[in-house]
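Here's the structure we're looking at; comments come further down.
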Amino acid sequence: MYLVRGVLGLLTALSLILYTRAIRRAYGRTTAVFYTLLQISQFHLPYYASRPLPNTFALILSTTALSFLLPRPGFTPKQRRGTYKLGIYILTFTAVVFRSELAILLFFVVLQLLLTRRVSLFRDVIPAGIAGGSVGLAITLTVDSYFWQSHNPEVRHFTTPFLTEKTGLIWPELSGFLYNAIENKSSEWGVSVWHYYFSSSLPKLLLNPSVLLVSLPFCLYGFSQTAKELLIPALGYVAVYSYLPHKEWRFVVYIIPALTLCGALGNAWIWNRRTKNAIYALLAMGTCGSIVLAALGGMGMMLISSWNYPGGDAVTKLHHVFTKEGVSGVETVHLDTFVCMTGATRFLQERPLISLSATENDKWNTAIKGVVFDKTENEDDLLSAKFWEDIDWAVTSDVSRVIGKWRIVDSVVGWKGVKIYKPGEVVHVGAIGIGEKEAEELGLVKEMEPSTVWWKRALEDGYGLRENIFKGYWVGVRIEEMVWILKKET
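What follows is the structure in structure tokens.
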């Protein structure tokens, strides 16, 4: 897991570095510096940079493709056409293999290149598109068909109309496009208002409000032609994709580098005029200050997000329990849907994300051999007492749904917002278990030493502000029990 996430994060970083180098070549060092600062001060893109999602793979390749579509000063017309063809090739490949919605972005990119006479439809666009599509199609038909076992009707999860029937192969992105767009069934995953991407997703992804309120307007004023070339394909893509009722920010994350570049151009334009008058100086200070605030906000959001995986914490605690209580024979652990959705991955089930002592490790190796994880979701089964007769452990978010006589072994808390703490109440900055919680309720918790980790100390008491200024009151994180580890009583 570490290796996969590490490689994916590295590839995302390399694609952004490639894009930054293209920015520096096209628009200068100042713009590249502002782009870097704006990009790393965001939250969603860096946080999800190593997520093994098709959107992440598509982001890596689309960012790489867009870097080849930026201006290349000093290149001959033939060389520039070559870079444009490479960008079209990569976008086509990505749309075929990873995310079909990128075909919309590809359409707007190609349309703009044709209207500005930078490429020829027959000499450049069609050959690049055919090449990218052919390579992508060959890969997806062979690799995806093999792993989805499309040749075996008994285990086949889905089909591609006509293709599967005639050849036994599948094309996942075509199947997804037909299901979501043509059959219009994306609404089964939830529905959002038509302007959701513009009013919610893009501001959230950019994070820094000054990008939309200050930087973009100055980019349009100072670099009108460049801004149009960057914004029209990006916003055209979002406008068309808004037609689908189901919307998620990850579906439009591919245009964030382009929008961030527009913000960087606006910031650079202001910065280069900061010595002309007081207004530009104040604007330069404001935009730089907003980057610092956005970075702090992104760090806070990253910390909060780390508390959104109580299922993963619970499975980690379960491994500790196994080393203490042992496992007799073969025992079954039921993980409910919430637990599976909040971090209880297969990686954690097979190996704990913890360091065990030599003695604990020997006990764990013995215990885990006799453990079977169950992820039943069927409501009829879960409401049947007979189902629970075969379950020995339950990791659940709802104790009331577990039928039978059970003992609570431990619990895990998760993020539930913020609250006002009264004098004497402990501000927990990490996950606590049932033992710590009971001790706190019984008044057995001794006065805690201030944390030595700077961000934990800041959240706990603001480096003494809680006691010295606010008389023991404090606005801090609110965490509640969210997952329980249960063992059947015999």
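To get our numbering, take the position in the sequence shown, counting from 1, and add 148. Note that the Cβ used here is the ideal one computed from N, Cα and C, for glycine as well.
In this structure S298 is buried. Its beta-carbon is surrounded by 16 or more other beta-carbon atoms within 10 angstroms. Residue pairing for H482: DSSP places it in a beta bridge opposite D522, A542. Taking I287 as the centre and dropping the five residues before and after it, the same chain places the C-beta of V245 closer than 8 Å to its C-beta, in chain order.
C-alpha of W337 to C-alpha of I330: approximately 15 Å in a straight line. Setting aside the 5 residues that flank it on each side, V257 is surrounded in the same chain by P381, each with a C-beta closer than 6 Å to its C-beta; the list follows chain order. With respect to T240, A276 sits close: the two C-beta atoms are nearer than 8 Å. By the 16-neighbour rule on beta-carbons within 10 angstroms, M450 is exposed.
Pairwise C-beta distances place the region 199-209 out of contact with the region 442-456, as fewer than three of them are shorter than 8 Å. The beta-carbon distance between S545 and V487, rounded to whole angstroms, is 6 Å. This is short enough to meet the 8 Å contact definition. Sequence-distant partners of T204 (beyond 5 residues in either direction) whose C-beta falls short of 8 Å from its own C-beta, in its chain, are L156, T160, Y196, A197, S198. Per DSSP, L354 is one residue of the alpha helix (DSSP H) stretching across 350-354. If the five residues before and after A206 are omitted, its C-beta is found closer than 7 Å to the C-beta atoms of T242, F246, R247, L250, Y402, all from its own chain and listed in chain order. Under the three-state reduction of DSSP, S372 is assigned to helix.
Residue pairing of W563 in beta bridges, as defined by DSSP: I627.
A Cβ-Cβ separation of about 20 Å leaves V283 out of contact with R229 under the 8 Å criterion.
DSSP places Y569 in the strand class (E or B) of the three-state scheme. Take K570, set aside five residues on each side of it, and the residues of its chain with a beta-carbon closer than 8 Å to its own are G620, Y621, in chain order. Here L263 carries a helix assignment [DSSP, helix/strand/coil].
Per the C-alpha coordinates, the member of V557, V440, V574, L263 positioned closest to W632 is V557. Rounded to the nearest whole angstrom, the CA to CA distance from A406 to L378 is 6 Å. Between V560 and K635, the beta carbon gap of about 15 Å keeps them out of contact (Cβ cut-off 8 Å). P357 is classed as exposed because its beta carbon has fewer than 16 other beta carbons within 10 Å across all chains shown. In this structure M149 is exposed. Its beta-carbon is surrounded by fewer than 16 other beta-carbon atoms within 10 angstroms.
At a Cβ-Cβ threshold of 8 Å, V339 and H305 do not count as neighbours. The residues I318, W319, L322, S323, in chain order, have a CB closer than 7 Å to that of T308 in the same chain once the five nearest residues on each side in sequence are set aside. With distances taken between CA atoms, K333 lies nearest to L392 out of F295, L392, L355. Under the rule that a run must span 4 or more residues, the alpha helix (DSSP H) segments found entirely inside the region 282-342 read 311-315, 320-325.
V181 and L164 have their alpha carbons spaced roughly 13 Å apart. With a cutoff of 8 Å on beta-carbon distance, G411 and S363 are scored as near each other. For F223, no alpha helix (DSSP H) encloses it, and the DSSP letter there is neither H nor E. Annotation for A492: G459, G460, A462, V463, L483, V543 place their beta carbon closer than 8 Å to its own, counting only its chain and skipping 5 residues before and after. Under the three-state reduction of DSSP output, I188 falls in the helix class.
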